[in-house]
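Following: one structure in structure tokens, then a few remarks.
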Amino acid sequence: MAISKFQAIIECKCPRCKKGRIFTDSPFNFKTGRRYFTHCPVCNLKYEREPAFFEGGMYFNYAMNVAILVASGVATYVLLDDPNQWIYFGVSATMVVLMVSFTSRLSKSMMLHFFGGVEYDPKAEERYQNSLKEKA
Ligand SMILES: [Zn+2]
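Per the numbering used here, the very first residue in the sequence shown carries number 716; after that it's consecutive.
This is the structure in structure tokens:
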């Protein structure tokens with residue numbers, strides 16, 4: 716059974732087959748965690764739909780970072796009982812830096828799922844495998 720669109724976005728899976736990974740490495744690898752495949756390894760969908768396609772993801776990234784800043788600011792206010800302004804700045808900046816790998820990946824995944832113009836196709840993997848067999 717196929718995963719939901721929401722789960723595919725969170726797990727950074729291909730929007731067409733919902734099986735292939737978008738990114739080559741783990742998000743915990745700060746050096747290579749944001750590298751993505753050019754094509755889906757399962758159904759061969761081209762991920763970068765047009766030149767600089769993923770740059771639109773910065774709007775999602777910006778929204779997520781604002782949410783992180785607000786949440787960390789509120790948490791700092793509640794947990795530390797309204798400390799010095801530099802504590803707010805330090806906590807918020809630390810949270811944004813720690814989450815950059817996740818927000819960056821998630822924003823690219825959201826961009827591909829919402830603006831990629833691709834619908835889920837359960838037969839996509841099978842079609843790609845058959846085309847490989849015909850070439851061989
Ligand atoms: Zn795919």
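C-beta atoms are modelled at their ideal positions from N, C-alpha and C, and glycine is treated no differently.
Given the structure is predicted, the values throughout are model-derived calculations rather than measurements.
Less than 8 Å divides the Cβ of Gly748 from the Cβ of Ser816. Look at Phe738 here: in three-state DSSP terms it is strand. Across the structure, Asn776 and Thr818 are spaced so that their CA atoms are roughly 6 Å apart. Measuring C-alpha to C-alpha distances from Phe738 to each of Leu821, Leu813, Val812 and Val789 identifies Leu821 as the nearest. Cys732 is a Cβ neighbour of Glu840, given a cutoff of 8 Å.
Apart from sequence neighbours up to five positions away, the residues of its chain that approach Thr791 with a beta-carbon distance below 6 Å are Tyr803 and Val806, ordered along the chain. In this structure, ligand 1 has no non-hydrogen atom nearer than 7 Å to the beta-carbon of Ala723. Looking at the DSSP output, His828 sits in no beta bridge, so it has no partner there. Contact between Tyr835 and Cys758 does not hold, since their C-beta atoms are separated by about 11 Å, which reaches or exceeds 8 Å. Nearest to Gly832 by C-alpha distance, out of Val793, Tyr762 and Leu794, is Tyr762. As computed with DSSP, Lys761 is found in a beta bridge with His754. Look at Gly735: its beta carbon is less than 7 Å from one of the heavy atoms in ligand 1.
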